[in-house]
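Residue numbering for the sequence shown follows this note's numbering, beginning at 2 and increasing consecutively.
All residues carry an ideal CB built from backbone N, CA and C; glycine is no exception.
First up is the structure itself, then whatever we jot down about it.
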Amino acid sequence: MLVKILVLAAYFTFVIWLGFMARTRIKESPSDYFLAGRNLSAVVLVGTMAATNFSAFTVFGASGAGYRDGLAFFPIMAFGTGFMALTFWLLGRKIWAMGQAHDLVTPAELVHQIYNHRGASALFALVMIVFTVPYLALQPMAGGYVLKELFGLPQAAGAGLIALIIVLYTVRGGFRAVAWTDVFQGLFMVGLMIAALVMVAYHHGGLGQAAQRVMESHPDLFSRPGGTGRYGPGLWFSYLMLWFFCDPMFPQLFQRFYTARDERALARTMLYYPAICTLVFFLPVALGLLGRLDFPGLTGKAADNIVPLLATKIGGDFMGTMILAAGLAALMSTMDSQLLTLSSIFTRDVYPILTGREARSARVGRLFVIGLALAGLVLAVKPPATILQIATQAFTGLAVLFPTVFFGLYLKNPRPASAIVSILVGEVLVGAYAFKLLPTFGFLPAVPVIVAAVLSYLAVHAALGARTWPAMDRRQAALLAGFGLIFLASLDFWRWDRIGPLFLGWPLWAWYFVVLSALQTVLMVYWVRPALAAESDRG
2 MLVKILVLAA YFTFVIWLGF MARTRIKESP SDYFLAGRNL SAVVLVGTMA
52 ATNFSAFTVF GASGAGYRDG LAFFPIMAFG TGFMALTFWL LGRKIWAMGQ
102 AHDLVTPAEL VHQIYNHRGA SALFALVMIV FTVPYLALQP MAGGYVLKEL
152 FGLPQAAGAG LIALIIVLYT VRGGFRAVAW TDVFQGLFMV GLMIAALVMV
202 AYHHGGLGQA AQRVMESHPD LFSRPGGTGR YGPGLWFSYL MLWFFCDPMF
252 PQLFQRFYTA RDERALARTM LYYPAICTLV FFLPVALGLL GRLDFPGLTG
302 KAADNIVPLL ATKIGGDFMG TMILAAGLAA LMSTMDSQLL TLSSIFTRDV
352 YPILTGREAR SARVGRLFVI GLALAGLVLA VKPPATILQI ATQAFTGLAV
402 LFPTVFFGLY LKNPRPASAI VSILVGEVLV GAYAFKLLPT FGFLPAVPVI
452 VAAVLSYLAV HAALGARTWP AMDRRQAALL AGFGLIFLAS LDFWRWDRIG
502 PLFLGWPLWA WYFVVLSALQ TVLMVYWVRP ALAAESDRG
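Below you can see the structure in the form of structure tokens.
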């Protein structure tokens with residue numbers, strides 16, 4: 002027990018110290034506090050972008066899904082999230098440019114700049130806050146799992162301790178503290194998750210042999226439909242669509258587009274992302290899959306605890322605690338960003354409406370950070386469902402915002418009525434599906450919700466007489482066709498029920514998605530090359 006306490010205390014102390022050290026380099030204005038001077042290099046940007054996206058859902062939700070559903074969840078997360086990186090250039094480049102030109106800090110300020118309508122930006126901000134709080138709650142919820150497994154702490158006490166530590170360095174240091182702790186925690190998480198997989202695989206005679214043992218007892222875990230048989234083509238398409246539309250609307254990711262030093266930093270972040278996703282999501286899914294060998298029979302929410310169970314059984318006190326600290330790193334690097342971004346939305350978009358005056362210091366944002374942490378903690382104490390179920394619901398609500406941003410950036414004379422109607426229609430449908438009032442036709446609710454949000458935006462836009470559409474040159478059309486073909490190739494329905502052949506002990510269909518991600522990266526290099534060349538000439 003003493004070893005566990007010392008390891009975790011050292012980790013927490015270092016993270017808090019790093020956040021406090023960053024405090025000495027920032028000013029007190031909201032812009033500097035929330036964006037760290039808009040000067041993140043490509044290395045720091047890709048580190049903080051990845052770390053904040055790889056949350057408790059990545060370590061605990063993906064490993065739980067790997068345990069329940071097997072390898073089917075790997076391409077859903079690895080390829081699906083990597084494919085979403087296209088939006089870093091599709092949206093991120095324009096968001097960065099507008100942020101530079103108009104000193105924008107929050108996502109809602111971009112909406113106000115585009116539509117010049119306070120109601121549209123306020124609605125956008127409200128939706129972001131409402132649907133991020135459940136996602137935020139996943140972080141202390143998973144932290145409670147870890148500390149309960151390590152020390153036998155009650156779930157509420159463990160969740161509260163995690164929330165307190167995150168609040169300490171976030172309130173103190175602002176975005177610069179968050180960015181640097183994200184980079185550290187992201188590297189720490191990946192390194193220790195690799196160590197965990199090596200340790201578990203070695204315990205069972207190697208990765209290939211361990212996979213073979215699982216395949217002998219549970220061959221369905223190596224199939225495309227998965228162990229529960231739920232991942233048919235409709236659900237697979239649904240998750241790809243959900244990640245593409247919702248991830249750039251995560252407020253903590255959206256705001257990072259403003260923080261890039263230049264376009265080159267954004268471009269390199271996009272180029273690295275598919276490879277990072279492939280590695281990072283393979284680790285927890287494989288751990289969950291191999292967890293069947295040591296802990297058979299887990300069901301429902303209990304499967305989300307498979308990483309803590311494996312770490313404490315196989316790793317011993319020191320390595321087990323280090324591996325669980327990696328899980329804490331994942332959730333802390335997301336929650337700190339969520340708290341900071343939502344507090345900026347409150348400070349810049351909500352507080353002026355409520356009080357009639359601007360927030361002149363970062364104190365208002367800091368107080369809201371504490372309030373949000375408490376709200377997330379309340380929800381985390383008694384979670385209503387699995388991590389995956391909670392995340393999917395929250396992600397669908399955020400995906401509704403995509404048409405407002407995308408069409409606002411690309412259409413001429415976008416109308417605020419289009420944005421408002423699109424958001425309202427989408428969120429009404431989110432509520433209807435939450436209460437199971439509508440059929441899903443074999444898809445996730447996200448698919449009809451997103452389609453309705455897109456069509457309602459375009460319908461209002463056309464009805465108001467704005468029927469001009471952006472032009473596309475031959476190069477852009479070729480790129481669009483290339484990315485479209487990669488997306489279609491990922492819908493490999495023609496071999497859905499086949500497991501083999503195997504390569505290095507794993508099904509060839511899993512390697513197929515690694516190849517697709519590599520092809521996507523090649524196309525992305527071609528896409529950003531002119532911009533990178535122009536940036537070099539200016540430099």
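Could you tell me whether the segment 178–191 touches the segment 301–308, using the rule of 3 or more Cβ pairs below 8 Å?
-> no
task: Have a look at Phe258 and Ala43 and give me their C-alpha separation to the nearest angstrom.
output: 12 Å
*Just the Cα atoms here: how many angstroms apart are Arg475 and Val147?*
52 Å
ask   = Quick one: what does DSSP say Leu402 is sitting in, helix, strand or coil?
value = coil
* Asked: Exposed or buried, Pro155, counting other C-beta atoms within 10 Å across all chains shown (16 or more means buried)?
  -> exposed
Cβ shell of Asp70 (< 8 Å), same chain only, five flanking positions each side left out = Leu222, Gly227, Gly228, Thr229, Arg231 and Tyr232
Item to complete: Between the Cα of Leu373 and those of Gln390, Val452, Phe403 and Leu341, spot the shortest distance and give me the residue it belongs to.
Response: Leu341
Looking at the secondary structure, which residues open and close the alpha helix (DSSP H) in which Lys95 lies? Gly93 to His103
Is the closest heavy atom of the ligand PLP to the C-beta of Ala66 under 7 Å?
As for the ligand PLP, it is missing from this structure, which has no ligand bound.
Okay, do the segment 342–354 and the segment 121–137 touch, 3+ Cβ pairs below 8 Å being the bar? yes
Subject >> Continuous alpha helix (DSSP H) stretch holding Lys314: start and end >> reply: Ile307 to Ile315
Applying the criterion that 16 or more other CB atoms from any shown protein chain within 10 Å of the CB defines a buried residue, is Gln210 buried or exposed?
exposed
Quiz item: For Gly443, which of Tyr240, Asp493 and Asn54 has the nearest alpha-carbon?
Solution: Tyr240
Note to self: With three or more beta-carbon pairs closer than 8 Å as the criterion, would you say the segment 80–89 touches the segment 317–332?
What the structure shows: no
Return the CA-CA distance between Met190 and Thr59, expressed in angstroms with no decimal places.
11 Å
Got a sec, what are the start and stop residues for the alpha helix (DSSP H) Lys149 sits in?
Arg119 to Phe152
Here's the rule: buried if 16 or more other CB atoms are within 10 angstroms of the residue's CB, otherwise exposed. What is Phe15?
exposed
Mind checking who Trp507 pairs with in its DSSP beta bridge?
Phe504
Would you call Ala10 buried or exposed, if buried means 16 or more other Cβ atoms sit within 10 Å of its Cβ?
exposed
task = State the DSSP-derived secondary structure class of Thr25, mapped to helix, strand or coil.
result = Note that Thr25 has pLDDT 45, beneath the 50 cutoff, so the model's placement of it is unreliable and the number below is only indicative. In the structure shown, Thr25 sits in coil (DSSP, three-state: anything other than H, G, I, E or B).
Next on the checklist: I'd like to know if the segment 150–164 and the segment 364–384 are in contact, where contact means that at least 3 CB-CB pairs between them fall below 8 Å.
Outcome noted: yes
- Could you give the residue range of the alpha helix (DSSP H) that holds Pro275? Glu264 to Asp295
*Pairwise C-alpha distance: Phe407 and Leu169*: 36 Å
Exercise for review: Excluding the 5 residues preceding and the 5 following Phe296 in the sequence, name in chain order all residues of the same chain whose CB lies nearer than 6 Å to its CB.
Suggested key: Leu310
| message | Looking at the secondary structure, which residues open and close the alpha helix (DSSP H) in which Glu359 lies? | response | Note, Glu359: premise wrong, no alpha helix (DSSP H); not H, not E.
Open item on the list: Assuming Ala395 and Pro135 are in contact, meaning their beta carbons sit under 8 Å apart, how far apart are those beta carbons, in whole angstroms?
Closed with: 4 Å
Check your understanding: Does the Cβ of Asp498 have 16 or more other Cβ atoms within 10 Å, making it buried, or fewer, making it exposed?
Key -> exposed
Pop quiz: Ala138 and Gly432 are said to be a contact at Cβ under 8 Å. What is the actual Cβ separation, rounded to whole angstroms? Not confirmed; about 19 Å, so no contact.
Please name the residue in Ile421, Leu425, Ser491 and Pro449 whose C-alpha comes closest to that of Tyr434. Pro449
*C-beta contact flag for Leu480 and Ile130 at 8 Å*: no
Check: Going by DSSP, what residues sit across from Leu41 in a beta bridge?
Finding: Ala261
* Could you check which residue in Pro415, Met22, Val45 and Phe55 has the C-alpha nearest to that of Ala392? => Phe55
Exercise. Could you say which of Gly398, Arg265, Gln390 and Asp337 lies nearest to Gln369 if we only look at CA atoms?
Key: The question names Gln, but residue 369 in the sequence shown is Phe. When each option's Cα is compared against that of Phe369, the closest is Asp337.
Thinking C-alpha only, which one of Val201, Ala66 and Gln256 is nearest Arg39? Gln256
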